[in-house]
Amino acid sequence: MKKYGYLIMSTIVLYSGSPAHAMDLETLFRVPSVKLGIAKLAGNVDITKKGQFSDIPFNSSSSVTPVVSLVQSPYFFSESTRWGYHTELSASYFDLDYDDDDDDHFVGGNYKGYSVGFTPVLFYQWGDRKLCSSCKSWRVELGAGVHYLNADGKLKNADNSQEKFDSTGFGFNSHLGTVVNYKNWELGLRLVVPTRLDDDEIKVEHGLSSVSLGYRF
């Protein structure tokens, strides 16, 4: 039940944005839009299981990954500034293969599951401030937040025996990105800083950057 509580709280914060004393009600309760997209992942996830294996690398094996996001309408700090922020709640699926080029202990394996991230984003934007049928803009952004990870995996030994494991818990995420908006379409490049998740005997270092294409409703 704890994980559902975190997700509910994240959704409430997504709707609320900044502290109430600094915002009027219209700004405070900005309704998020829905973004459906796909992403190509690149990078490594390294996994350690206490007493069994250490820093085993996995790489993205999917050509594309589905992503679903709630994106709060951007808030600009003044009428004349290009600086602003928004918050987003995103869920994505991943499917990774054991990277046997970087390790010779195992002969195969995979790691798959889903993650949910809540990320406040600070940005500097050029062009139109809103989404519309003729609007276009681009921005650079810096985001930092928390994510929930639920995944399981297995590693195959040379004798065909398997090491199975699972990882569930919360970690931090951060990224530096460039995003282009054309009408309701969004093309984004996000470079993710590797983050760590500790789940009892499992340690996961997660660092998958992405190129994404999405459509906001």
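Residue numbering for the sequence shown follows this note's numbering, starting at 2 and increasing by one per position.
We put the beta carbon where it would ideally sit given N, CA and C, even for glycine.
With 16 other Cβ atoms within 10 Å as the buried cut-off, status of residue i
| i | result |
| --- | --- |
| residue 106 | exposed |
| residue 119 | buried |
| residue 216 | exposed |
| residue 71 | buried |
| residue 180 | buried |
| residue 159 | exposed |
| residue 209 | buried |
Secondary structure of residue i, DSSP reduced to three states
| i | result |
| --- | --- |
| residue 132 | coil |
| residue 158 | coil |
| residue 22 | Bear in mind that a pLDDT of 41 at residue 22, under 50, signals an unreliable position, so the number given afterwards is only what the model happens to contain. DSSP places residue 22 in helix when its eight states are reduced to three. |
| residue 178 | strand |
| residue 46 | strand |
| residue 184 | coil |
| residue 106 | coil |
| residue 222 | Only positions 2 to 218 of the chain appear in this structure, which leaves residue 222 out of reach. |
| residue 83 | coil |
| residue 52 | coil |
| residue 212 | strand |
| residue 121 | strand |
| residue 202 | coil |
Selection from the options that minimises the alpha carbon distance to residue i
| i | options | result |
| --- | --- | --- |
| residue 73 | 147, 181, 121 | 121 |
| residue 214 | 51, 185, 160 | 185 |
| residue 167 | 179, 152, 157, 159 | 152 |
| residue 116 | 218, 203, 57, 198 | 198 |
| residue 202 | 50, 187, 41, 33 | 50 |
| residue 91 | 207, 154, 150 | 150 |
| residue 146 | 67, 188, 87 | 87 |
| residue 1 | 76, 192, 200 | For residue 1 there is no data in the structure shown, the boundaries of the chain being 2 and 218. |
| residue 157 | 125, 138, 112, 209 | 112 |
| residue 187 | 137, 165, 161 | 137 |
| residue 161 | 47, 110, 96 | 110 |
| residue 165 | 57, 101, 129 | 57 |
| residue 85 | 130, 192, 96 | 130 |
| residue 190 | 101, 141, 81 | 141 |
Rounded Cβ spacing between residue i and residue j (contact assumed at less than 8 Å)
| i | j | result |
| --- | --- | --- |
| residue 176 | residue 205 | Their Cβ separation, rounded to whole angstroms, is 17 Å, which puts residue 176 and residue 205 out of contact at 8 Å. |
| residue 178 | residue 148 | The pair is not a contact, with the Cβ atoms about 15 Å apart (cut-off 8 Å). |
| residue 211 | residue 37 | Between residue 37 and residue 211 the Cβ distance is about 15 Å, and since that is not below 8 Å, they are no contact. |
| residue 83 | residue 127 | 7 Å |
| residue 68 | residue 40 | 5 Å |
| residue 98 | residue 59 | 6 Å |
CB contact flag (residue i, residue j, <9 Å)
| i | j | result |
| --- | --- | --- |
| residue 182 | residue 143 | no |
| residue 93 | residue 218 | no |
| residue 61 | residue 44 | yes |
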